[in-house]
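Engineer:
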Amino acid sequence: MHLMYFTEQPMSAYPEQEGREFGATALMFSNRFFDPIAGSRLYNEYLEHYRLAEEVGFDGIMLNEHHNAPFCMQAKCNIFASILAATTKRVKIVLLGNPLPLADNPVRLAEELAMIDMVSRGRLVSGFVRGGGQEQLATGVNPAYNRERFEEAHELIVKAWTQVGPFRFEGTHYQHRVVNPWAMPLQKPHPRVWIPGVLSKETIVWAAQKGYPYIALSTEIEATKKIWQLYDKVAAESGHAGGPEFRGYLQRCHVAESEEKAMENARQFMWMQGEFTGLAHPVWSSPSGYFSPSYRTAFVEYAVGRRSNPRGAAFEDQIVNQQIVAGTPRTVIPKLRRLLEETRPSIMGFWASDGFVSNQDTRTCIRLLGEEVLPPLREIGKELGLWSPFEANAPVSRAFPEPARPAGDTP
Amino acid sequence: MTTDTWVSRTIPIAGVALHVARAGSGAPLLLLHHDIGAPERLPFYDALARDFTVLLPSHPGFDKSERPSWLRGVRDVAIVYQSLLAQHEVTRGRADVSVVGLGFGGWIAAEMATMAPAALKRLVLVNAMGIKPEHGDIADQALLSYIDYVRLGFADQSAFDRLFGADPSTSTLEQWDLNREMTFRIAWKPYMYNPTLPHLLGGVTTPALVVWGSDDRIVPRECGERYAKALPQARLQIVERAGHFIEMERPESLARLVGDFLCT
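Each protein sequence line maps, in turn, to chains A and B. Here the first sequence stands for residues 0 to 410, numbered as in numbering that gives the first Met the number 0. Here the second sequence stands for residues 0 to 263, numbered as in numbering that gives the first Met the number 0.
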């Protein structure tokens with residue numbers, strides 16, 4: 000198994016009442032409520048948490064980015080990735096990921112990622128995402144071409160990493176007369192690419208066709224199973240077997256010394272209404288053209304309140320369906336075993352705390368996870384044959400059917 | 000004129016399967032609809048059809064016209080409509096074709112006029128997008144729900160209720176979402192204007208009438224003033240107690256203004 004630590008890097012130090020009065024905590028919620036003094040303190044605490052996670056035995060640090068909202072302070076995951084490349088020694092730096100459509104120059108992204116890979120001595124996993132709907136608005140990018148830009152930027156980045164330059168790239172959204180970056184990844188054929196997602200079937204199909212692992216972000220167990228049914232079906236049609244080394248899962252999981260404490264802190268996962276994206280108007284989080292047309296009816300009904308939010312389950316329900324797992328190490332292990340048995344992922348992210356959970360409690364949670372939860376989980380993983388892409392020496396992709404390895408290393 | 004005299008046809012024009020509704024008799028009039036699309040029937044359409052042969056196309060990718068995936072700009076739409084005028088039996092070879100553009104359709108009409116000023120007899124721009132306001136902004140529908148955006152365009156909310164119902168049907172919302180998606184595809188950035196248009200309007204010798212609702216909260220009135228100033232032969236006419244969707248709020252007033260202007 001590959002076990003990662005994750006935090007959204009929440010900016011809890013904003014006046015909550017202001018958000019409630021405004022009715023939103025994303026996109027249009029004014030940044031006059033951003034507190035750079037708290038921001039400076041929190042960024043440094045989060046860096047300490049990442050270093051602690053490495054110390055107590057996590058295999059990877061999972062990073063992401065969002066824009067214009069207090070639920071996530073990372074505006075550029077490559078910045079934290081760069082810091083971690085230099086200040087950690089062993090963990091994989093797993094970006095889940097860079098929002099490709101937001102990039103106007105994917106070659107620059109390819110360069111940044113190559114630099115991170117070299118500085119970290121080949122520890123980069125470079126995930127790519129479409130970016131949330133409101134991210135398109137926050138960066139002025141056309142949501143109607145989100146998927147086109149995603150696919151085209153991906154093509155250009157992989158080419159920039161693998162094809163000897165100089166070459167020319169003439170796409171629909173990206174035109175580069177000279178692609179010849181003087182920074183190439185250390186890992187060959189190229190750093191691993193993992194694709195996280197929540198809802199879009201198109202992304203699952205795309206990842207399966209490419210042979211990239213897909214990381215399900217905190218979906219319900221039954222929904223997760225359906226994701227793997229679809230992934231494995233498309234994988235089989237595309238000529239690979241699918242299975243655990245292509246499956247990742249992000250689990251909200253808070254561990255404390257007592258059940259009461261764990262449950263109290265786990266309620267903070269509802270800090271942003273249990274959403275990834277904070278509270279936003281539906282047309283901000285899903286601008287027209289961003290979603291697949293097959294969701295149009297459901298979406299417009301949701302946008303005007305004729306349907307409830309598909310992701311708006313209550314805390315108690317999320318405890319029951321295990322979208323949130325909380326307890327002491329002893330009580331969470333059987334729940335995690337159930338998840339592993341039923342959905343068989345080999346990559347697991349632990350979203351350990353959110354909102355107002357204190358620095359001390361977050362550190363305790365990371366330590367308990369590392370010392371008391373991960374070791375038995377690894378045993379369960381072995382028992383169930385959940386070999387990570389690294390353990391299984393899985394190929395990087397269908398296009399590059401060999402494992403990623405730092406140049407100069409011999410197998 | 001009764002409503003059943005409208006006939007619709009899908010015509011291949013410049014690589015686009017264009018849905019065009021037609022009614023009436025008299026001089027040809029091309030009517031270009033808003034970004035939200037066009038309701039199938041409106042008293043305003045019928046009022047125009049009393050005096051003109053009205054062609055009401057659905058813009059490429061809007062309502063009943065299929066989406067050409069390659070079409071990426073408002074000028075592309077204007078070119079498609081120039082081809083329509085050159086090919087359609089009602090307008091082909093005629094020297095008396097006028098264009099009336101509503102809101103977003105007004106922008107398309109203005110672009111058409113810059114391409115071939117001599118091809119049009121008269122130009123009417125109603126609350127037209129297309130020019131960047133110097134002070135305010137054109138309202139950003141990306142930040143508003145479908146209903147809130149359309150309501151913003153009405154000075155009189157009861158007119159909205161009469162047309163769409165106080166709580167519009169899901170199929171109406173889907174149509175608005177589809178049309179909004181196509182609007183984004185062709186007018187996202189810069190949003191709802193073309194920086195070169197004010198310069199090019201100087202070459203439009205076509206006599207033009209610029210009509211503005213006194214309470215348009217979607218496109219600021221200063222855009223109307225700029226249109227009237229940039230077009231060499233234009234005047235600005237304000238319609239009181241009307242918002243952005245004048246043809247839905249004050250159909251008879253607008254039809255009279257248009258008719259009087261086109262027949263002089």
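Where is the CB? At the ideal position from N, CA and C, for every residue including glycine.
For LYS131/B and chain A, any beta-carbon pair shorter than 8 Å?
Structural biologist: no
Engineer: How is the beta strand (DSSP E) around LYS91/A delimited, first residue to last?
Structural biologist: The continuous beta strand (DSSP E) containing LYS91/A extends over residues 91-98.
Engineer: Would the beta-carbon of THR180/A fall within 8 Å of that of ALA84/A?
Structural biologist: First, the amino acid is wrong: residue 180/A is Pro here, not Thr. No; because the gap between Cβ atoms is not below 8 Å, this pair is not in contact.
Engineer: At a CB-CB cut-off below 7 Å, which residues of chain A make contact with GLU221/B?
Structural biologist: Ordered by position in chain A, no residue passes the 7 Å Cβ test against GLU221/B, which lies about 24 Å from the chain.
Engineer: Using a Cβ cut-off of 8 Å (strictly closer), state whether LYS63/B contacts chain A.
Structural biologist: no
Engineer: When the distance is taken between beta carbons, is GLU248/B closer than 8 Å to ASP155/B?
Structural biologist: Cβ atoms of ASP155/B and GLU248/B: closer than 8 Å.
Engineer: Can you give the beta carbon distance from GLY126/A to LEU94/A, rounded, assuming they're within the 8 Å contact cut?
Structural biologist: 5 Å between Cβ atoms; contact.
Engineer: Is DSSP giving MET0/B helix, strand or coil here?
Structural biologist: Annotation note: pLDDT 46 at MET0/B (below 50); position unreliable, coordinate value reported separately. Correct three-state label for MET0/B: coil.
Engineer: For LEU28/B, which of helix, strand or coil comes out of DSSP?
Structural biologist: strand
Engineer: Name, please, each residue of chain B whose Cβ falls closer than 8 Å to the Cβ of GLU300/A.
Structural biologist: THR169 and LEU172
Engineer: Return the CA-CA distance between MET0/B and LYS209/A, expressed in angstroms with no decimal places.
Structural biologist: Confidence is the limiting factor: at MET0/B the pLDDT is only 46, short of 50, which leaves the residue's position unreliable and the question unanswerable from this model.
Engineer: Whole angstroms is fine: what's the gap from SER199/A's alpha carbon to ASN392/A's?
Structural biologist: Cα atoms of SER199/A and ASN392/A: separation of roughly 28 Å, rounded to the nearest angstrom.
Engineer: Please state whether DSSP places GLY38/A in a helix, a strand or coil.
Structural biologist: helix
Engineer: In whole angstroms, what separates the C-alpha of ASN141/A from that of PRO59/B?
Structural biologist: 18 Å
Engineer: Whole angstroms is fine: what's the gap from GLY72/B's alpha carbon to ALA13/B's?
Structural biologist: 15 Å
Engineer: Give the interface partners of SER287/A over in chain B, defined as CB-CB distance under 7 Å, in chain order.
Structural biologist: ASP176, ARG179, GLU180 and PHE183
Engineer: What residues of chain A sit near ALA233/B, judged by a beta carbon separation below 8 Å?
Structural biologist: Per Cβ cutoff of 8 Å: no residues; ALA233/B is ~32 Å from chain A at best.
Engineer: Closer than 7 Å: is that where the CB of THR169/B sits relative to any heavy atom of the ligand NAP?
Structural biologist: The ligand content of the structure shown is nil, which means the ligand NAP is not present either.
Engineer: Please list, in chain order, all residues of the same chain as THR138/A whose beta carbon is under 6 Å from its beta carbon, the five residues on each side excluded.
Structural biologist: Hits under 6 Å: LEU101.
Engineer: Whole angstroms is fine: what's the gap from HIS66/A's alpha carbon to SER97/B's?
Structural biologist: The C-alpha of SER97/B is placed about 47 Å away from the C-alpha of HIS66/A.
Engineer: For the segment 132-151 of chain B, which residues have a beta carbon sitting closer than 8 Å to at least one beta carbon of chain A?
Structural biologist: So the close ones are ALA141, LEU142, LEU143, SER144, TYR145 and ILE146.
Engineer: Under 8 Å, with one C-beta from each stretch per pair, do the segment 328-341 of chain A and the segment 249-260 of chain A reach the 3-pair mark?
Structural biologist: Counting C-beta pairs with one atom in each stretch, the segment 328-341 of chain A and the segment 249-260 of chain A have three or more that are closer than 8 Å, which means they touch.
Engineer: For TRP187/B, decide whether its Cβ has a neighbour in chain A, counting only Cβ atoms nearer than 8 Å.
Structural biologist: yes
Engineer: Counting Cβ pairs closer than 8 Å, one from the segment 231-247 of chain A and one from the segment 296-310 of chain A, do we hit at least three?
Structural biologist: No: fewer than three Cβ pairs fall under 8 Å.
Engineer: Sorted by chain position, which residues of the same chain lie with C-beta nearer than 6 Å to PHE149/A's C-beta, five sequence neighbours on each side aside?
Structural biologist: LEU99, PRO100 and ARG129
Engineer: Determine the direct distance from the alpha carbon of ALA77/B to that of MET191/B, and round the result to whole angstroms.
Structural biologist: 14 Å
Engineer: Under 7 Å Cβ to Cβ from LEU199/B, same chain only, skipping five residues before and after it: list those, please.
Structural biologist: THR113
Engineer: What residues from chain B crowd round PRO328/A, counting only those whose CB sits closer than 8 Å?
Structural biologist: Near PRO328/A there are no residues of chain B at all, since even the closest Cβ is about 46 Å away, more than 8 Å.
Engineer: If I follow the unbroken beta strand (DSSP E) through TYR4/A, where does it start and stop?
Structural biologist: Unbroken beta strand (DSSP E) run through TYR4/A: 1-5.
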